[in-house]
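Down below is the structure, laid out as structure tokens.
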Amino acid sequence: MQSSSLGCRLPFELLREITGHNGDDVAALGALSLVSHTMRSMAIEELFSVAHFACAEDFARWLDMLSRTPRLVNVVKKVRLSNPGLAWLRRRRGMETGTNLAQSVVPPLIPPMPNVRVVEWQDGYMQALNPEMAVAHMAVFPNMQRLQFEHTLFSNMAALTRVLAACGSLKALAFLDTTTQSEPESDSSDSNIAHGPHLTELEELGASSTFNGGEDFLVNLVERFPPTHLRSLSFQNFRQSYQSPCSVAAMEKLLRLAAPSLVNLVIEPNFRELHRKHFWDPFDFPG
Numbered sequence: 003m004q005s006s007s008l009g010c011r012l013p014f015e016l017l018r019e020i021t022g023h024n025g026d027d028v029a030a031l032g033a034l035s036l037v038s039h040t041m042r043s044m045a046i047e048e049l050f051s052v053a054h055f056a057c058a059e060d061f062a063r064w065l066d067m068l069s070r071t072p073r074l075v076n077v078v079k080k081v082r083l084s085n086p087g088l089a090w091l092r093r094r095r096g097m098e099t100g101t102n103l104a105q106s107v108v109p110p111l112i113p114p115m116p117n118v119r120v121v122e123w124q125d126g127y128m129q130a131l132n133p134e135m136a137v138a139h140m141a142v143f144p145n146m147q148r149l150q151f152e153h154t155l156f157s158n159m160a161a162l163t164r165v166l167a168a169c170g171s172l173k174a175l176a177f178l179d180t181t182t183q184s185e186p187e188s189d190s191s192d193s194n195i196a197h198g199p200h201l202t203e204l205e206e207l208g209a210s211s212t213f214n215g216g217e218d219f220l221v222n223l224v225e226r227f228p229p230t231h232l233r234s235l236s237f238q239n240f241r242q243s244y245q246s247p248c249s250v251a252a253m254e255k256l257l258r259l260a261a262p263s264l265v266n267l268v269i270e271p272n273f274r275e276l277h278r279k280h281f282w283d284p285f286d287f288p289g
């Protein structure tokens, strides 16, 4: 009772500082939630500010939690969507496998999350991302502002633009180790791309190493749907030495397209070293 009374007497701003300081410590947040009703409410906001859905079973668990604590739907600020890898399975004892999101019910049987601003989509190169499934899942986040694709393969340019068109007006977009199966020019006609993405308000664009050097889709995307308010362009997050960094030609095209409004350019410090492993370096030749 003494700790509960103490928690209630502390200023609201200090309670917020305490929970925020322990935002990455699940055990500490769990202990804080026992101090008082106020601390429990703040601890919940930290514990569930980020949600990770790695399989269809996670949606069922989320619905179960919402049935007991409905306010959780408004607490989540960031969502990560992925497939159930080994790390995910280790955290869920007793489960040997999980149903991939590609095989989950469409649309997903969870209510919209109005306060989610950041979505990270992590996939693999085993098969192309299903655009119908991705569009249905993106609809759960009506106020999303920042979107990141990582290790994601799109069957063609039309599939990519279809998914982006379902994301509303984005402020930030990043492609990490992402590409399309077919050449952008082969499927980018108006008949194949009926509804383009809303990139006019895009302020940040990021790209990292690409699978088989397939960064042409990014150049094609910016050419067809120019982000007129782009302020930051980043070439970074090169994670594996066997993955190809963006080519100098692609970087030059993107810089020219973004030049009118660009104020910030970020290039990974080890870009030149990685580039030499995959391409000839023009700086190695005199003149």
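All you need for this note's numbering is the position in the sequence shown, starting with 1, plus 2. For each residue, glycine too, the CB sits at the ideal point set by N, CA and C.
In the structure shown, what three-state DSSP assignment does residue i receive?
{"i": "Leu201", "result": "coil"}
{"i": "Gln150", "result": "strand"}
{"i": "Val107", "result": "coil"}
{"i": "Ser236", "result": "strand"}
{"i": "Ile269", "result": "strand"}
{"i": "Ser69", "result": "helix"}
{"i": "Phe177", "result": "strand"}
{"i": "Val120", "result": "strand"}
{"i": "Thr182", "result": "strand"}
{"i": "Leu155", "result": "strand"}
{"i": "Leu166", "result": "helix"}
{"i": "Ala209", "result": "strand"}
{"i": "Glu59", "result": "helix"}
{"i": "Asp192", "result": "Any reading at Asp192 must be qualified, since the residue scores a pLDDT of 48, below 50, and its modelled position is unreliable; no value is offered."}
Between which two residues does the beta strand (DSSP E) harbouring residue i extend?
{"i": "Val52", "result": "52 to 55"}
{"i": "Lys80", "result": "80 to 83"}
What first and last residue would you give for the alpha helix (DSSP H) that runs through residue i?
{"i": "Asn222", "result": "218 to 226"}
{"i": "Val250", "result": "250 to 260"}
{"i": "Leu131", "result": "Here Leu131 belongs to no alpha helix (DSSP H), and DSSP marks it neither H nor E."}
Determine, using beta carbons only, whether residue i and residue j come nearer to each other than 8 Å.
{"i": "Pro113", "j": "Asn76", "result": "no"}
{"i": "Met135", "j": "Val118", "result": "no"}
{"i": "Gln124", "j": "Leu83", "result": "yes"}
{"i": "Ala130", "j": "Gln150", "result": "no"}
{"i": "Val268", "j": "Phe227", "result": "no"}
{"i": "Pro110", "j": "Phe61", "result": "yes"}
Given residue i, which residues of its chain have a CB within under 6 Å of its CB, disregarding the five upstream and five downstream residues?
{"i": "Asn102", "result": "Asn85"}
{"i": "Ala161", "result": "Pro133"}
{"i": "Val120", "result": "Lys80, Arg148"}
{"i": "Lys255", "result": "Val221"}
Leaving out the 5 sequence neighbours to the left and right, which residues in its chain are closer than 8 Å to residue i when beta-carbon positions are compared?
{"i": "Cys57", "result": "Asn85, Pro86, Trp90, Gly100, Thr101, Asn102, Leu103, Ser106"}
For residue i, I'd like the list of residues in its chain whose CB is within less than 7 Å of its CB, leaving aside the five on either flank, ordered along the chain.
{"i": "Ser263", "result": "Thr230, His231, Leu232, Arg233"}
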